[in-house]
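Chains as they are written, first to last, in my numbering: chain A, 6 to 117; chain B, 343 to 457.
By construction, the Cβ of each residue, glycine as well, lies at the ideal position given by its N, Cα and C atoms.
Accompanying notes for the structure given below.
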């Protein structure tokens with residue numbers, strides 16, 4: 006099993022550009038989430054999904070879109086990048102309940 | 343609203359000694375879970391230990407144990423026999439309920455283990 010994979014590992018964007026961060030898991034987990042981590046702060050939830058076709062907003066959803074067309078994939082779209090979106094982005098998945106979340110390696114995004 | 347508080351920005355411990363990392367939480371939901379994650383300098387998030395709100399006993403995983411005091415709403419992580427490889431950021435997190443996967447994280451504690 007590859008676990009949770011994220012691409013790309015690093016990305017530099019200019020203000021106003023759009024892009025999609027990819028996330029995939031091969032553990033057949035129903036739950037998937039996107040977090041961002043800023044310096045000096047813990048991870049903050051952007052969007053999450055409890056199954057294919059079902060998504061909901063987290064704590065900091067503005068400027069991001071998600072969709073979940075398959076169990077395996079949960080892409081995060083930045084509509085119009087802003088310098089405030091410079092961060093490290095983590096994708097995670099789990100079976101829910103008492104199961105832990107398994108995190109991907111992260112994507113370091115810089116918006117100039 | 344649910345909240346996780348980690349009041350120790352940084353901690354130092356000598357190799358082979360035990361160390362306690364503090365975590366307090368706030369929630370009105372009787373069903374919740376508490377997690378600890380380790381983030382080394384390489385950046386990945388590594389799961390360490392889990393405690394459910396209805397668990398009668400404190401969770402243990404190898405050198406990690408969770409000192410769960412429900413009435414005080416605290417879930418401190420105890421690392422016994424510290425190793426140099428334990429140097430990392432440590433995050434406490436909480437999930438409310440069982441039909442959600444939303445984690446709330448604290449701001450973390452940076453642990454440094456010295457020889």
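Close beta carbons around residue i, own chain, < 7 Å, minus the five adjacent residues each side
i                      : result
residue 34 of chain A  : 98, 99 and 100
residue 405 of chain B : 421, 422 and 423
residue 361 of chain B : 353, 355, 421, 424 and 453
residue 64 of chain A  : 49 and 50
residue 343 of chain B : none
residue 429 of chain B : 453, 454 and 455
residue 21 of chain A  : 85 and 86
residue 66 of chain A  : 51 and 52
residue 77 of chain A  : 29, 30 and 31
residue 369 of chain B : 344, 436 and 438
Integer-rounded CB distance, given that residue j should sit under 8 Å from residue i
i                      : j                      : result
residue 363 of chain B : residue 451 of chain B : 5 Å
residue 111 of chain A : residue 385 of chain B : 5 Å
residue 5 of chain A   : residue 37 of chain A  : Nothing about residue 5 of chain A can be reported from this structure: the residues present for chain A run from 6 to 117 only.
residue 396 of chain B : residue 435 of chain B : Contact flag wrong, Cβ pair sits at about 18 Å.
residue 381 of chain B : residue 433 of chain B : 7 Å
residue 68 of chain A  : residue 42 of chain A  : That belief does not hold up - the Cβ atoms of residue 68 of chain A and residue 42 of chain A are roughly 16 Å apart, past 8 Å.
Minimum C-alpha distance to residue i - residue among the options
i                      : options                       : result
residue 424 of chain B : B:407, B:439 and B:416        : B:407
residue 444 of chain B : A:109, A:94, A:50 and A:58    : A:50
residue 418 of chain B : B:446, B:367 and B:439        : B:367
residue 73 of chain A  : A:92, A:107, A:15 and A:27    : A:27
residue 113 of chain A : A:15, A:10 and A:40           : A:15
residue 88 of chain A  : A:31, A:115 and A:39          : A:115
residue 45 of chain A  : A:79, A:103 and A:93          : A:93
residue 30 of chain A  : A:10, A:104, A:90 and A:41    : A:10
residue 431 of chain B : B:442, B:412, B:402 and B:389 : B:389
residue 103 of chain A : B:347, B:375, B:359 and B:348 : B:375
residue 365 of chain B : B:403, B:402 and B:345        : B:345
residue 442 of chain B : B:371, B:403 and B:383        : B:371
Contacting residues, own chain, Cβ-Cβ under 8 Å from residue i (five flanking each side not counted)
i                      : result
residue 75 of chain A  : 57
residue 457 of chain B : 356, 357 and 426
residue 54 of chain A  : 36, 37, 38, 60, 61, 71, 73 and 79
residue 105 of chain A : 99
Burial state of residue i, where buried means 16 or more other Cβ atoms lie within 10 Å
i                      : result
residue 19 of chain A  : exposed
residue 446 of chain B : buried
residue 109 of chain A : buried
residue 398 of chain B : exposed
residue 373 of chain B : exposed
residue 12 of chain A  : exposed
residue 414 of chain B : exposed
residue 86 of chain A  : buried
residue 62 of chain A  : exposed
residue 7 of chain A   : exposed
residue 438 of chain B : buried
Chain-order list of residues whose beta-carbon lies under 6 Å from that of residue i (same chain, five-residue window excluded)
i                      : result
residue 410 of chain B : 393, 400 and 417
residue 117 of chain A : 19
residue 82 of chain A  : 25 and 70
residue 377 of chain B : 392 and 435
residue 387 of chain B : 379 and 381
Proximal residues, the stretch 95 to 112 of chain A versus chain B, C-beta separation under 7 Å:
95, 99, 101, 102, 103, 105, 106, 108, 110 and 111
Along the stretch 40 to 51 of chain A, where does the CB come closer than 9 Å to a CB of chain B? Name the residues.
40, 42, 45, 46, 47, 48, 49 and 50
Taking only beta carbons into account, state which residues of the stretch 14 to 40 of chain A come closer than 7 Å to chain B, listed in chain order.
36 and 38
By the 7 Å beta-carbon criterion, what residues does the stretch 380 to 410 of chain B contribute toward chain A?
385, 386, 387, 389, 392 and 394
Scan the stretch 54 to 68 of chain A for residues whose Cβ lies nearer than 9 Å to a Cβ of chain B and list them as they occur along the chain.
54, 55, 61, 63 and 64
Of the residues that make up the stretch 348 to 380 of chain B, which ones have a beta carbon closer than 7 Å to any beta carbon in chain A?
375 and 377
Residues of the stretch 441 to 456 of chain B whose Cβ lies closer than 8 Å to any Cβ of chain A, in chain order:
Within the stretch 441 to 456 of chain B, the residues whose Cβ lies closer than 8 Å to some Cβ of chain A are 441, 442, 443, 444, 445, 446, 447, 448, 449 and 450, listed in chain order.
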